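Asker: For what it's worth, my numbering labels the leading residue of the sequence shown as 183, then goes sequentially. Just so it is clear, CB atoms sit at the ideal spot from N, CA and C, and this is done for glycine as well. These numbers come from a predicted model, not from an experiment.
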Amino acid sequence: MVTGAGAPHDAAVWLSDAATAFLGSGFYVGPGLVVTCAHVVHGHWPVTVHGVSGTDEALSAALWPPSRPAGAAYYPAPDLAVLRTPVREGQPVAVLAAAEAPAGTQLSAYGFTTATASDGVQPDSARLTVVGPAGAFVRLASGWIRKGLSGSMLLEPEGGRVVGVVKGTEDDRDPVGGWMTPLGGLRSVVDLPSEPSAGPARPTAGRQEWADLLDRIPVLDEERVRHDLVRRINDALPPDRGIRPRADSLAVLHLEQIAGACLDNLDPCAALGALVGAVRRLAGGHRAVGELTVMLDGSCGGGVGHGA
183 MVTGAGAPHD
193 AAVWLSDAAT
203 AFLGSGFYVG
213 PGLVVTCAHV
223 VHGHWPVTVH
233 GVSGTDEALS
243 AALWPPSRPA
253 GAAYYPAPDL
263 AVLRTPVREG
273 QPVAVLAAAE
283 APAGTQLSAY
293 GFTTATASDG
303 VQPDSARLTV
313 VGPAGAFVRL
323 ASGWIRKGLS
333 GSMLLEPEGG
343 RVVGVVKGTE
353 DDRDPVGGWM
363 TPLGGLRSVV
373 DLPSEPSAGP
383 ARPTAGRQEW
393 ADLLDRIPVL
403 DEERVRHDLV
413 RRINDALPPD
423 RGIRPRADSL
433 AVLHLEQIAG
443 ACLDNLDPCA
453 ALGALVGAVR
463 RLAGGHRAVG
473 ELTVMLDGSC
483 GGGVGHGA
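1) Run through the DSSP bridge pairs and tell me what residue 304 is partnered with.
2) Going by other Cβ atoms of all chains shown within 10 Å of its Cβ, with 16 needed for buried, is residue 434 buried or exposed?
3) Does the structure place the stretch 240-256 close enough to the stretch 297-309 that three or more beta carbon pairs sit under 8 Å?
4) For the alpha helix (DSSP H) that contains residue 450, what are its first and last residues?
5) Sort out for me which residues DSSP pairs residue 335 with in a bridge.
6) Sort 236, 415, 307 and 398 by Cα distance to residue 445 and report the nearest one.
7) Whose C-alpha, out of 442, 372, 400 and 482, is nearest the C-alpha of residue 465?
8) Considering just the uninterrupted stretch of the beta strand (DSSP E) at residue 221, what are its terminal residues?
9) Where does residue 376 fall in DSSP's three states?
10) Among residues of its own chain, excluding the 5 on either side of residue 324, which ones have a beta-carbon nearer than 6 Å to its beta-carbon?
11) In chain order, what residues of the same chain have a beta carbon less than 7 Å from the beta carbon of residue 474, not counting five sequence neighbours either side?
12) Assign residue 306 to one of two classes, buried (16 or more other C-beta atoms within 10 Å of its C-beta) or exposed (fewer than that).
13) Find out if the Cβ-Cβ distance for the pair residue 470, residue 438 is shorter than 8 Å.
14) Whose CA, out of 285, 235 and 328, lies closest to the CA of residue 271?
15) Identify, in the order they occur along the chain, each residue of the same chain with its Cβ nearer than 7 Å to the Cβ of residue 426, setting aside the five sequence neighbours on each side.
16) Does DSSP classify residue 234 as helix, strand or coil?
17) How is residue 244 classed by DSSP in three states: helix, strand or coil?
18) By Cβ distance below 6 Å, which residues in the same chain neighbour residue 282 in space, the five residues on each side in sequence not counted?
19) Check residue 330 in the structure and name its three-state DSSP category.
20) Could you give the residue range of the alpha helix (DSSP H) that holds residue 392?
21) With 16 as the cutoff for other CB atoms within 10 Å, does residue 242 come out buried or exposed?
22) I need the straight-line Cα distance from residue 389 to residue 204, nearest angstrom please.
23) With DSSP as the reference, please indicate the residues paired to residue 362 in a beta bridge.
24) Give the range of the alpha helix (DSSP H) segment to which residue 476 is assigned.
25) Going by DSSP, what residue range makes up the beta strand (DSSP E) through residue 266?
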């Protein structure tokens, strides 16, 4: 079941990296909240989310677990990631089922691939049958899991609610069947805050460190641009989480106020993620923008950015 829409694909999204390369699929489970597989976004940042409501750069990414152990053949369970995006009014979201899908249930996967008869990334689907437990995952059979469907929602036949997330195929050379993360694994992530800790990540870099990097970007010398920066940050945050820095005609002081307002936010890492995203759009390829991205990732300990 998808609320706010008439078709399951309306809640589905596809993800791309900074080079606009297709990474895989995902789906909205709440306003500004996208679920995908951890292995889809691990090591990729920034990540852009594409869906029926538009295209947004993800503000943060939390992965469970944060990385794949060296030498592991597959990404460990639950192999899930939660991305935060700007909240769009009326965004269709998928609804979780009340119970696991028993063996023999035919499920429908809705995601995106480049393997359709149309060019580029396109909506795609698969019909898969639940076989039974396979380690911490559930084995699927009788259908094709094409490259790109990892992270897709799996819907029950009656009611169309989500009962799992496509992990992937067992063999890339023969994509018949594979695995899913079951409902229990999905609920263990979605029922938590969208960070794996008890609360939002707290940044380690301070106000002056952020302000010093911002001050190196020439376009931010203009007061008009700094006000536009604040507006863009607030557009990317929930209405009750916006920043209100004190304005100052002197750039260095104004930038300190902006950095401080982000650090004092109820969710500072989300605010800093919005700051870096806004600066990236305003300043393009300036070297300091890359350094801001690195500091964001390191400062927030993986709670924002590729994090894993």
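Answerer: So, from the data block:
1) BP columns for residue 304 point to 295.
2) Residue 434 comes out exposed.
3) No, they do not touch.
4) Per DSSP, the continuous alpha helix (DSSP H) segment holding residue 450 begins and ends at 450-465.
5) Per DSSP, 292 and 347.
6) Cα-wise, what sits closest to residue 445 is 415.
7) Measuring C-alpha to C-alpha distances from residue 465 to each of 442, 372, 400 and 482 identifies 400 as the nearest.
8) Per DSSP, residue 221 lies in no beta strand (DSSP E) segment; the continuous alpha helix (DSSP H) that holds it begins and ends at 220-223.
9) Low local confidence applies: a pLDDT of 35 at residue 376 is under 50, so the model's placement there is unreliable, with the coordinate-based value given in what follows. In the three-state scheme derived from DSSP, where H, G and I count as helix and E and B as strand, residue 376 is classed as coil.
10) Residues of the same chain with a CB within less than 6 Å of the CB of residue 324, apart from the 5 flanking positions on each side, are 311 in chain order.
11) Here the set comprises 395, 458 and 461.
12) That one is buried.
13) No, Cβ-Cβ distance for residue 470 and residue 438 is not below 8 Å.
14) The residue among 285, 235 and 328 with its C-alpha nearest the C-alpha of residue 271 is 235.
15) The answer, listed in chain order, is 443.
16) Look at residue 234 here: in three-state DSSP terms it is coil, with no helix or strand label.
17) Annotated three-state conformation of residue 244 is strand, per DSSP.
18) Only residues of its own chain outside the window of five on either side were considered, and among them 364 and 365 have a CB closer than 6 Å to the CB of residue 282, listed in chain order.
19) Correct three-state label for residue 330: coil.
20) Run containing residue 392: 389-397, per the alpha helix (DSSP H) assignment.
21) Its Cβ being crowded by 16 or more others within 10 Å, residue 242 is buried.
22) Straight-line Cα distance between these residues: approximately 35 Å.
23) Answer is 320 and 348, bridged to residue 362.
24) Run containing residue 476: 469-481, per the alpha helix (DSSP H) assignment.
25) Its beta strand (DSSP E) spans residues 262-266.
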